[in-house]
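Asks: The structure's right below; bear with me while I get my questions together.
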């Protein structure tokens, strides 16, 4: 499954709830304010590092850039553009948006 | 689309409605319920999951007279008349909010996060509001 | 692949409509088909022709209209949500005794069944919201 998370982990519990119910091997894609989850050195960084063990973690690059944090995103996170976003949806049998 | 079955006249897919937001503070609970009701006519394989603050959508004793809004919680009890009977609630969400099944106004199946995970993986279409 | 898109939020207040638009455009550029874009909740507000956003920023409604015209997209605004929020076409205007209509080019008002149908007919349904 592709899990799309669009809210900051500091604002909403979407990431937390997603991680409780996402099957290992799923893909997580952070978009919009969700990209703040990828910030190196934040209180959520360890959560994300753990997540990277079990999931493929991706981030929508234009949203990183818009927020001026492209250089501060953690290593190991795959950056995609909108075309890549489309590919991720096409490649996953099912998709869920965590709003 | 491994779950898709062809029946005479049309496709049947597994639809999951994910309810994570409390009622009244925002419109999502009410309007997602409206999708479920209209969607019932399409005779798909429908499940509803209530997790996080979504569990508050189906708690008993909602009295909206003071806020002058329509109390739409009785509609959840009508769902079975529309053949929508698969209502699931996440145990972790209930526990975190100090609630039990007794606090809920409609029969549900309480599931752990792991069970919800498996339920979600079994779906074709997942609607979020 | 056939995509269905659900947009739950109106223009500008949330990024949902922007992301949905950019995703839709990218999908079309890749040769995919967009079965329908369904606007629900405040998403119906993307379909008003009465906005005058600042000229130096994107015009969210117009670019949906333009994309629809270019690719023959089906942009559907939910009638129940539209009635609550005042998005009106000619039929709704007459039926409900309203003084005007404001549905933007390329958008049409229809029932929630269109969302369910999109979920059934498309290969993937992606929700953009808050």
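Chains as they are written, first to last, in the working numbering: chain A, 118 to 216; chain B, 5 to 133; chain C, 33 to 162.
Virtual Cβ for every residue (Gly too), placed ideally from N, Cα, C.
Treat the numbers as computed from the prediction; the structure is a model and nothing was measured.
#1: Which residues of chain C have a Cβ atom closer than 9 Å to the Cβ of residue 207(A), listed in chain order?
#2: Cβ atoms of residue 108(B) and residue 62(B): under 8 Å apart, would you say?
#3: Do we get a CB-CB distance below 8 Å when we pair residue 132(A) with the residues of chain B?
#4: In chain A, what lies closer than 9 Å to residue 136(B) by C-beta?
#5: Can you pull the DSSP bridge partners for residue 68(C)?
#6: Below 8 Å on the Cβ atoms is my guess for residue 52(C) versus residue 160(C); work out the distance and round it to an integer in Å.
#7: Whether or not the region 172-189 of chain A and the region 136-154 of chain A are in contact is what I'm after, with contact meaning three or more pairs of Cβ atoms, one per stretch, closer than 8 Å; do they touch?
#8: Roughly how many whole angstroms lie between the Cα atoms of residue 9(B) and residue 49(B)?
#9: Measure from the alpha carbon of residue 70(B) to the alpha carbon of each residue in 44(B), 20(B) and 28(B), then state which is nearest.
#10: Strictly by DSSP, which residues pair up with residue 195(A)?
#11: Under a Cβ-count criterion, where at least 16 other Cβ atoms within 10 Å of its own Cβ denotes burial, should residue 85(B) be classed as buried or exposed?
#12: Between residue 5(B) and residue 35(C), what straight-line distance do the alpha-carbon atoms span, to the nearest angstrom?
#13: Among the residues of its own chain, which have a CB less than 6 Å from the CB of residue 57(B), if the five just before and after it don't count?
#14: Excluding sequence positions up to five away, which residues of its chain have a Cβ less than 8 Å from the Cβ of residue 82(C)?
#15: Could you tell me the distance, in whole angstroms, from the CA atom of residue 7(B) to the CA atom of residue 125(C)?
#16: Tell me which residue opens and which closes the beta strand (DSSP E) that residue 98(C) is part of.
#17: Does residue 70(C) get closer than 8 Å to chain A when you measure Cβ to Cβ?
#18: For residue 61(C), which residues of its own chain have a beta-carbon under 6 Å away from its beta-carbon, when the five flanking residues on both sides are left out?
#19: Taking the continuous beta strand (DSSP E) assigned at residue 23(B), which residues delimit it?
#20: Using a beta-carbon distance cut-off of less than 9 Å, what residues from the region 102-133 of chain B approach chain C?
#21: For residue 212(A), which three-state DSSP category applies?
#22: Which residues of chain A have a Cβ atom closer than 9 Å to the Cβ of residue 24(B), listed in chain order?
Replies: According to the structure shown:
#1: 33, 35, 59, 62, 64, 155 and 156
#2: yes
#3: no
#4: As shown, chain B starts at 5 and ends at 133. That puts residue 136(B) outside it, with no answer to give.
#5: 36(C)
#6: 4 Å
#7: yes
#8: Because residue 9(B) carries a pLDDT of 49, less than 50, the predicted location of this residue cannot be relied on, and the following value inherits that uncertainty. Rounded to whole angstroms, residue 9(B) to residue 49(B) spans 10 Å at the Cα level.
#9: 28(B)
#10: 175(A)
#11: exposed
#12: Residue placement at residue 5(B) cannot be trusted, given a pLDDT of 45 that sits under 50; the coordinates are not used to answer.
#13: 25 and 26
#14: 134
#15: Caution applies to residue 7(B), whose pLDDT of 43 falls short of 50 and renders its modelled position unreliable; the value that the coordinates give is listed next. One C-alpha to the other measures close to 42 Å.
#16: Element bounds for residue 98(C): not the beta strand (DSSP E) but the alpha helix (DSSP H), 92-103.
#17: no
#18: none
#19: 18-23
#20: 128, 129, 130, 131, 132 and 133
#21: strand
#22: 130, 131, 134, 215 and 216
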